[in-house]
Amino acid sequence: MSLEVFMSEACPHSFDDQLLSGHLDHELTQAEEQQVRIHLEDCETCRALFGQLEQMRKASMSTPFATPDDEQWSEKPRTPSSRFFRGTGWILLLAWFIVSLGIAGWTFATEPGHPLIKLLVVSGLAGVGLLFVSVLLDRLRSAKTDRYRRVQK
1 MSLEVFMSEA CPHSFDDQLL SGHLDHELTQ AEEQQVRIHL EDCETCRALF
51 GQLEQMRKAS MSTPFATPDD EQWSEKPRTP SSRFFRGTGW ILLLAWFIVS
101 LGIAGWTFAT EPGHPLIKLL VVSGLAGVGL LFVSVLLDRL RSAKTDRYRR
151 VQK
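Residue 42 in the working numbering sits at position 42 of the sequence shown, and the numbers go up by one each step.
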């Protein structure tokens with residue numbers, strides 16, 4: 001978003017208004033900082049814009065935000081019954097998946113079919129499985145050194 005929205009009139013010197021924002025955030029090089037300071041001494045329009053930007057920044061930095069209660073942050077089930085039902089649901093879903101996969105695998109292996117199709121299906125599933133295992137191993141390795149793992153909020 002351009003800073004020209006906040007300006008009632010354009011800078012007569014066609015100064016890059018993005019430098020004002022960079023100056024406010026202390027993100028400019030030393031040469032750019034000096035260029036902005038010199039320009040602000042000479043240009044009333046940009047000085048007024050810079051004042052507006054400073055006021056908006058101070059207002060946004062000093063605005064208090066309500067922090068939710070600790071109970072609202074956690075996504076864990078709160079009651080023993082909800083923990084039980086969630087755990088039971090995951091176990092049943094996993095059991096259903098394993099049984100369904102076993103039945104499908106047995107049917108696929110014992111039914112007559114074209115060997116090329118079987119090879120394509122098995123190699124595709126093996127590729128997906130290997131990718132999943134590699135991502136899982138990377139996640140487990142990085143979890144050991146993750147410095148944010150204990151952060152709650």
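We treat Cβ as the ideally placed atom computed from N, Cα and C, and that holds for glycine.
* Asked: How many angstroms separate the CA atom of residue 11 from the CA atom of residue 64?
  -> 34 Å
* Is it a yes or a no for the stretch 39-53 touching the stretch 77-91, going by three-plus beta-carbon pairs under 8 Å? -> no
* For residue 122, count neighbouring Cβ atoms within 10 angstroms of its own Cβ and tell me buried if that reaches 16, exposed if not. => exposed
* To do: Could you spell out the range, first to last residue, of the alpha helix (DSSP H) harbouring residue 60?
  => 44-62
* Only counting runs of 4 or more residues, tell me where the alpha helix (DSSP H) segments fall wholly within the stretch 65-123, in order along the chain. => 70-73, 80-110
* Can you name, in chain order, every residue of its own chain whose Cβ lies under 8 Å from the Cβ of residue 103, other than the five neighbours on each side? -> none
* So, is residue 17 buried or exposed, given that buried needs 16 or more other C-beta atoms within 10 angstroms? -> buried
* To do: Figure out for me which residue from 116, 25, 135 has the closest Cα to the Cα of residue 57.
  => 25
* To do: Over the uninterrupted alpha helix (DSSP H) stretch that includes residue 21, give me the two end residues.
  => 18-24
* To do: Label residue 132 either buried or exposed according to how many other C-beta atoms from any shown protein chain fall within 10 Å of its C-beta, with 16 as the threshold for buried.
  => exposed
* Note down the Cα distance separating residue 135 from residue 109, rounded to an integer number of angstroms. => 28 Å
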